[in-house]
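In our numbering, the protein residues as written are 1 to 146.
Written below as structure tokens is the structure these notes are about.
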Amino acid sequence: MKKLIVIIFILSTIMTLGCGNTISGEKILSNKKWEEDINNMDENLRKKHPDLFRCISEKTWNENIQKLNSDLKNLSDIEISMRISQIISSIGDAHTSIDFLEILTPIGKEKFNYDEIVEFPIKFDYFSNELRAIASDSQYKSILGY
């Protein structure tokens, strides 16, 4: 089962990197809005996460947040999203994460449209020990739940 998880993660990463032509490097949100979001994330995780600094020191966490805020002017929205994902993954638990497909969602859209990403026609997630199809483009709707 662990090999399957590793294979899916590797394939997802490769496909994500291969989507460069579908993701614009433009900046839609202002640096100020990004900074507000990053600081809000930081504040809420500090308040609500039961053990935020189990795998990363508070000093390193603070440095990562500060570095991201200082780099905002040089990064695109997708680069900022990926950096946020890296910071969150440093927490080291499976319950606090960002969905990589959600990162690919064009900012400003209310709902993610899976029909727009040809490379990712199906989204999977684990429930108990079973991998299930939880979202797909219209062509594969019949497999949802399997």
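Where is the CB? At the ideal position from N, CA and C, for every residue including glycine.
Secondary structure of Tyr126 (DSSP, three-state): strand. The C-beta of Ile143 has fewer than 16 other C-beta atoms within 10 Å across all chains shown, which makes the residue exposed. In the DSSP assignment, Leu131 is bridged to Tyr126.
Nearest Cα to Pro50 within the set Phe124, His95 and Gly145: His95. Take Tyr140, set aside five residues on each side of it, and the residues of its chain with a beta-carbon closer than 7 Å to its own are Pro121 and Ile122, in chain order. Judged by DSSP in its simplified three-state form, Ser90 adopts coil rather than helix or strand.
Spanning the alpha carbons of Glu43 and Glu36 requires a straight line of approximately 10 Å.
A straight-line Cα-Cα distance of about 16 Å links Phe53 and Gln66.
Beta-bridge analysis with DSSP links Ser136 to Ile122.
DSSP places Leu68 within a helical segment (H, G or I) once states are collapsed to three. In this structure, DSSP gives Thr60 a helical state, which the three-state scheme calls helix.
Counted as a single uninterrupted DSSP element, the alpha helix (DSSP H) harbouring Leu45 occupies residues Asn31 to Lys48.
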